[in-house]
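Chains as they are written, first to last, in the working numbering: chain A, 1367 to 1690; chain B, 261 to 661. Just so you know, even glycine gets a beta-carbon here, dropped at the ideal spot from N, CA and C.
Set out below in structure tokens:
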């Protein structure tokens, strides 16, 4: 009894320490550089650069923080790295040209969008085996999962749909037609809303996942900027659902949206061709990858200000942050 | 290497114990809307191309259509729509009768890969009973005086292509052009388009020369020996120029110009840096996926006509998905209205100009092996759409629809 309390206290202490120090590890895939930049979230300096395989894009960290999964698109595989050593330990059978993926809330399996083959591949990350392949629309890309893990959503770029897949049966039970070239799907933490960005359509659809209907379409306007340059890609929502961040690609801006009204509040100028984003686990910071300026921007979430930009490798694409 | 990697992954998948192939929920058959379209390629006798790389494949254009139909069908599975496409290669004399027959059989969307005269004859014969889509003819008059209310142009006009090149040349500050054009009617039209583009964007054509087509075989063994003697002499004593613009749609001489000009100058237009809708090296904005799907289907690279036919049928897929209708009038209204938009691997949405039915689209500028640039260049602004800096804008259009 005493022992377990101690253990709990130590665990709590470690957690509290990590929290206040805010020293998380940030991993950025550099699509053209074929590398992964590793950053420290306290100093915001690149501590290490490791080889990422051919054309690394989608990236995520296992829920225990021990493994790093990277879509090496031109290698047709998902590379797995040990976060302690930063060495590759194995690969996962991803299907061809993996681009984006998402982990089940339990940490397993991994759902991967295969752009070339119109399928979503489901992979067991412990057994390293393929569990299922789900046929979806043309050029699957964005992947989102409901907080209860029961529904995985895939967006297909040429079919222009969000496909709702039952994670028990691997059957599509619902399709929602959105605007041109849907890129990213993001549930709110309570599962009540799903945001789907459409890059060429220039909108973010707010979807009621239960009803399968679009409740609102968010569009973007920046004075002096051609409307076709406002191309929403990555989407992130704070845990309380109050702030929604949308990366606007070649507009070099991140739109900040009020999660209650789903109206744009402001635009933050970041680097060029802003693509994907990730929060630090404490949600103090949001990191954006800026593909054409070879850097990442750090946004202070509370004050909604860009506080820093950090040079990484060539054409940064994806970003993930360690949970601890 | 890619093939090897794929093979290994496939073998792994088959070996996995818990492998499940999930099916898609089938659409209710009672609600299924069947959409029957046609691709009509009107073949005319033409001399051989001067490069064997340009020999036309038998399935030219049709593969693009096949791919689009498959793409539409994938979406149709989810929306309860069935897409079929009839492919037909005919001579100019048979085109009207064949299209009328097809319209009688319920084909209301006709993609034409034909020259201007045949296109107009077909459009006039079918009237409002079908939507006719021009996937090939670039004639500016089809967008102006000879326009028709039932034709949509997916193919760019000559003016769009020449404006696209002109913007890039101006961006490079290559303002002084030497224009060499061929002697065929289409070469003269292309030369007109370059003169218009030069005026529009402020370039100066310092000198023009005509390369007469005197006939003869297009290719001979060791023909390059003569070319190396002829082309420098042909381009000798030109007024000082920055770039040589070649207008050779008939494919008689332009390909011989690069490296053979008397003065060391770049070549653009029909050779060298070329404006086009598609190129096998185009990979931006997801085009890689299109290329891979196409090559898997055909075992060859996609040509511009393949892409244009694909685009024409993707327009159909999009309008049917959004309106759930295959009525020509409903489709035309939606396509020319403010809600139609389509992603076409060009980085921005493509839409139709309501004043002449022309699809707004970026134009690729390509070299032999890579994409060089994409126009409109970002320095050219427009109050409606930057894409309207290419071709005939609304105030200039003489189309009465």
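Item                                                                                                                      : Value
Contact under 8 Å by Cβ, residue 1758/A with residue 1517/A                                                               : What the structure shows of chain A is the stretch from 1367 to 1690, and residue 1758/A is not part of that stretch, so it cannot be assessed.
Span separating the alpha-carbon of residue 300/B from that of residue 370/B                                              : 7 Å
Within chain B, partners of residue 1581/A - CB distance below 8 Å                                                        : Under the 8 Å cutoff, chain B gives no residues; its nearest Cβ is about 19 Å from residue 1581/A.
Any chain B beta carbon closer than 8 Å to residue 1543/A                                                                 : yes
Residue 549/B: contacting residues in chain A (beta-carbon distance under 7 Å)                                            : 1481, 1482, 1505
Residue from 646/B, 375/B, 631/B, 366/B whose Cα sits closest to the Cα of residue 541/B                                  : 631/B
Residues from the stretch 633-651 of chain B in contact with chain A, defined by Cβ distance under 9 Å                    : 638, 641, 642, 645, 646, 647
Residue-level contact to chain B via CB, residue 1546/A, 8 Å cutoff                                                       : yes
Local conformation of residue 447/B per DSSP, three classes                                                               : helix
Distance cut-off 7 Å: residue 445/B Cβ against heavy atoms of the ligand MN                                               : Summarising the ligand content, the structure contains no ligands, and the ligand MN is consequently not present.
Which of helix, strand or coil DSSP assigns to residue 313/B                                                              : helix
Proximal residues to residue 544/B (C-beta, below 8 Å), its chain only, five neighbours per side dropped                  : 605, 607, 631, 634
For residue 1437/A: DSSP bridge partner residues                                                                          : 1444/A
Within-8 Å CB hit, residue 1592/A to chain B                                                                              : yes
Per-residue burial, residue 513/B [other beta carbons within 10 Å of its own, 16 or more giving buried]                   : buried
Own chain residues within Cβ distance below 7 Å of residue 1600/A, not counting five before or after                      : 1550, 1613, 1641, 1642, 1643
Inter-residue Cα distance where the pair is residue 470/B and residue 353/B                                               : 32 Å
Same chain, Cβ closer than 6 Å to residue 647/B, five either side skipped, listed in chain order                          : 620
Spatially closest choice to residue 523/B from 319/B, 501/B, 511/B, 349/B, by CA coordinates                              : 501/B
CA nearest to the CA of residue 449/B, picked from 517/B, 551/B, 498/B, 401/B                                             : 401/B
Within 7 Å of chain B by C-beta, residues of the stretch 1505-1526 of chain A in sequence order                           : 1505, 1523, 1524, 1525
Cross-chain neighbours of residue 1557/A in chain B, by beta carbon under 9 Å                                             : The premise fails here: residue 1557/A is roughly 22 Å from chain B at the closest Cβ pair, so nothing lies under 9 Å.
Beta carbon proximity, residue 1684/A to chain B, threshold 8 Å                                                           : no
Residue 1529/A (DSSP reduced to helix, strand or coil)                                                                    : strand
Residues bridged to residue 442/B [DSSP beta-bridge criterion]                                                            : 471/B
Nearest-angstrom beta carbon gap, residue 306/B and residue 346/B [assumed within contact, 8 Å]                           : Actually they do not touch by this definition, with Cβ atoms about 24 Å apart.
Straight-line Cα distance separating residue 328/B from residue 571/B                                                     : 7 Å
Positions along the stretch 594-622 of chain B whose CB lies within less than 7 Å of some CB in chain A                   : 601, 602, 603, 608, 609
Within chain A, the residues that residue 343/B reaches when beta carbons sit closer than 7 Å                             : Correct list: empty, because the minimum Cβ distance to chain A is about 13 Å.
Alpha-carbon to alpha-carbon, residue 1454/A and residue 1493/A                                                           : 16 Å
Under 7 Å from the C-beta of residue 552/B: neighbouring residues of chain A                                              : 1482
Segment contact, 8 Å Cβ cut-off, at least three pairs: the stretch 423-433 of chain B with the stretch 476-492 of chain B : no
Rounded straight-line distance, which links the Cα of residue 1423/A to that of residue 1686/A                            : 11 Å
Delimiting residues of the beta strand (DSSP E) encompassing residue 1466/A                                               : 1464-1469
For residue 635/B, the first and last residue of its enclosing beta strand (DSSP E)                                       : 631-635
Whole-Å CB distance - residue 1496/A paired with residue 1467/A, under 8 Å assumed                                        : About 13 Å separates the two Cβ atoms, so there is no contact after all.
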